[in-house]
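*Asks:* First the structure, then my questions, so here it is.
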Amino acid sequence: MTCLKKEKEIELSLYNDVGTLASYNKYIEATKGDISVIYMDNAATTMHKPKAVIDAVVAAMSSMGNAGRGANEASLSASRIIYDTRERLAKLFGAENPKQIVFTMNSTESLNIAIKGLIEPGDHVITTMLEHNSVLRPLYEMEERGAKLTIIKADKQGNFSLEDMEAAITPKTKAIVCTNGSNLTGNYVDVAAVGEMAHRHGVLLIVDASQTAGVFPIDVQKMNIDVLCFTGHKGLLAPQGTGGLYVREGLTVQPLLSGGSGVQTYNKKHPVEMPTALEAGTLNGHGIAGMNAALAYLEETGIDTIREREQELMWKFYEGVKDIPNVTVYGDFSTKNRCAIVALNIGDYDSAEVSDELLTEYGISTRPGGHCAPLAHEALGNVEQGAVRFSFSHYNTDEEIETAIRAIEELAQDEE
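If you read the sequence shown in full-length UniProt numbering, its first letter stands for residue 1, the second for the next number, and so on.
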């Protein structure tokens with residue numbers, strides 16, 4: 001086994017948030033195109049998809065026309081698949097009407113639509129240190145345009161206080177924007193409690209469900225969620241380039257884009273009826289067909305079954321590494337109800353070094369670096385080091401978990 005090399009200075013480069021160019025080259029050399037490596041980077045994207053998802057995309061590529069752009073069978077077939085997918089998503093999230101489901105490319109687009117379409121100069125917005133840059137950067141933009149932003153601090157376990165959040169509400173507070181699950185620590189955020197509080201104060205709740213959609217039960221009406229933003233390529237097991245948002249009936253979100261809609265062609269303004277109001281241009285019909293198949297798989301398998309299996313694997317890994325000397329594990333593991341994520345570091349090694357070694361010596365794919373969650377790293381105290389994130393899928397096996405535990409044991413011994 002190649003020993004880890006401790007470096008005092010890590011060169012900053014284009015690749016410093018996910019590793020280095022050398023890391024990428026090592027990956028190519030180690031795998032030689034073999035995707036049978038032990039994949040533990042599911043919080044970034046679920047690489048292993050149900051076969052039905054792949055088959056659905058292939059079939060759509062050879063048969064699907066442009067939904068809403070014609071009366072031919074190819075166009076009508078696309079329209080039927082897209083509408084059926086809206087219905088499945090509405091059922092999954094407890095939406096009152098399928099027309100309140102809007103398709104986007106990913107959570108980033110959904111969050112930009114929600115934040116920029118609801119927040120105006122003079123509005124006050126509350127968020128937390130746990131957020132992904134897909135939340136933070138649009139909020140910083142709105143702050144530059146005249147909105148006021150309050151960021152609720154998180155402790156060293158990556159938790160924030162609901163009492164602190166409620167104390168931050170003012171008469172000018174327009175919305176609370178928060179994650180349902182941290183992509184760094186895996187901590188689950190009780191958005192139902194946040195929703196009850198927001199509803200009581202007449203404040204909108206915008207939820208980033210990137211890490212929880214398709215894994216944890218979400219009922220937008222019961223949880224008082226006004227806007228739910230989600231992506232397809234993670235827990236929903238759908239293709240990349242798919243995602244969406246739910247918008248509560250009666251709430252108007254100003255569109256981020258305007259253009260072709262397939263209806264009201266001679267109107268100078270973009271249609272205001274949902275979901276067309278927030279869907280300008282041709283949708284990713286091929287990807288949505290894959291999402292439709294993924295949702296059918298989730299319905300048949302059961303998200304509770306999937307979540308319980310992922311948590312079982314996560315807890316097995318956590319119990320195997322938490323007491324290894326020189327290993328630091330981040331996050332709150334005092335409750336079972338958490339995302340299947342374990343982030344750790346070994347001694348003072350840079351996280352990219354550890355991730356490289358896991359890949360080249362053990363064939364384990366992980367994610368090092370900053371995870372697009374800068375404030376969360378501030379709370380945890382590992383801004384410069386980053387963290388090595390293991391994130392599990394129900395497609396992982398017990399044998400793979402045992403291999404990963406053994407790898408951390410051996411690498412930690414090298415640090416001594």
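We put the beta carbon where it would ideally sit given N, CA and C, even for glycine.
All figures in this text were calculated on a predicted structure; none of them were measured in a lab.
1. Can you look up Phe93 in the DSSP assignment and give me helix, strand or coil?
2. Would you list the one or two residues that DSSP bridges to Val207?
3. According to the Cβ coordinates, are Leu89 and Gly244 closer than 8 angstroms?
4. Taking the alpha carbon of Ala78 as the reference point, which residue from Phe93, Leu92, Gly94 and Val57 has its own alpha carbon closest?
5. Compare the C-beta of Asp348 against all C-beta atoms of chain D and say whether one is closer than 8 angstroms.
6. Look at the alpha carbon of Ile408 and the alpha carbon of Phe317, and state the distance between them as a whole number of angstroms.
7. What does a CB cutoff of less than 6 angstroms around Gly181 pick up in its chain, not counting 5 residues either side in sequence?
8. Could you check how far apart the C-beta atoms of Asn396 and Met40 are, in whole angstroms? I think they sit under 8 angstroms.
9. Can you tell me which residues form a DSSP beta bridge with Arg389?
10. Is the distance from the Cβ of Ala67 to the Cβ of Ile82 below 8 angstroms?
11. Please work out which residues of its chain come closer than 8 angstroms, Cβ to Cβ, to Ile324, disregarding the five sequence neighbours upstream and downstream, and give them in chain order.
12. Mapping the DSSP letters down to three states, classify Tyr266 as helix, strand or coil.
13. Starting from Thr128, trace the beta strand (DSSP E) both ways and give me its first and last residue.
14. Met142: which of Ile303, Met129, Lys116 and Gln311 sits nearest, CA to CA?
15. Less than 8 angstroms between the beta carbons of Leu162 and Ala193, yes or no?
16. When the Cβ atoms of the segment 302 to 312 are set against those of the segment 382 to 402, are three or more pairs found closer than 8 angstroms?
17. Near Thr31, what residues of its chain come up, given a Cβ to Cβ distance below 7 angstroms and the 5 sequence neighbours on each side ignored?
18. If we count the other Cβ atoms within 10 Å of its Cβ and call it buried at 16 or more, is Gln100 buried or exposed?
19. Would you identify the three-state DSSP class for Gly241, choosing helix, strand or coil?
20. Which residues bound the alpha helix (DSSP H) around Val37?
21. Note down the Cα distance separating Leu12 from Gly386, rounded to an integer number of angstroms.
22. Could you give the DSSP three-state label for Phe103: helix, strand or coil?
23. Kindly indicate which three-state DSSP category Val327 falls into: helix, strand or coil?
24. Nearest to Ala168 by alpha carbon, out of Thr179, Met197, Ala43 and Arg367?
25. What residue range is occupied by the uninterrupted alpha helix (DSSP H) comprising Leu149?
26. Answer yes if the segment 271 to 285 comes into contact with the segment 321 to 336, meaning at least three C-beta pairs across the two stretches below 8 angstroms, and no otherwise.
27. In the structure shown, what three-state DSSP assignment does Val189 receive?
28. Between Glu166, Leu359 and Gly331, which lies nearest to Asn183 when the distance is taken from Cα to Cα?
29. Compute the Euclidean distance between the alpha carbons of Gly241 and Ile288, then round it to the nearest angstrom.
30. If you draw a straight line from the alpha carbon of Gly290 to that of Ser62, how long is it in whole angstroms?
31. Could you pull the start and end residues of the alpha helix (DSSP H) that Tyr297 belongs to?
32. How long is the line joining the alpha carbons of Asn112 and Leu139, rounded to whole angstroms?
33. Determine the direct distance from the alpha carbon of Glu166 to that of Leu76, and round the result to whole angstroms.
34. Distance, Cα to Cα, Ala43 vs Ser110?
35. Assign Val383 to one of three DSSP states: helix, strand, or coil.
36. By Cβ distance, which residues of its chain are closer than 6 angstroms to Ala294, with the 5 residues on each side in sequence left out?
*Replies:* Inspection of the coordinates gives the following:
1. helix
2. Cys178 and Leu228
3. yes
4. Val57
5. Although the question refers to chain D, the structure presented lacks it and comprises just one protein chain.
6. 10 angstroms
7. Tyr188, Gln211, Thr212 and Cys339
8. 7 angstroms
9. Ala343 and Arg367
10. yes
11. Ile408, Glu409 and Ala412
12. coil
13. His124 to Thr128
14. Lys116
15. yes
16. yes
17. Note that Thr31 scores a pLDDT of 49, beneath 50, so its modelled location is shaky; the value from the coordinates is reported in the next line. Cβ within range, chain order: Val37.
18. buried
19. coil
20. Neither: Val37 is in no alpha helix (DSSP H) and is coded neither H nor E.
21. Residue confidence is low: Leu12 scores 34 on pLDDT, short of 50, so the model does not pin down where it sits. Its coordinate-derived value is still stated next. Their backbone Cα atoms lie some 13 angstroms apart in a straight line.
22. strand
23. strand
24. Met197
25. That residue, Leu149, is in no alpha helix (DSSP H); its beta strand (DSSP E) goes Lys148 to Ile152.
26. no
27. coil
28. Gly331
29. 9 angstroms
30. 13 angstroms
31. Gly285 to Thr301
32. 9 angstroms
33. 48 angstroms
34. 18 angstroms
35. coil
36. Val53, Leu236, Leu237 and Ala238
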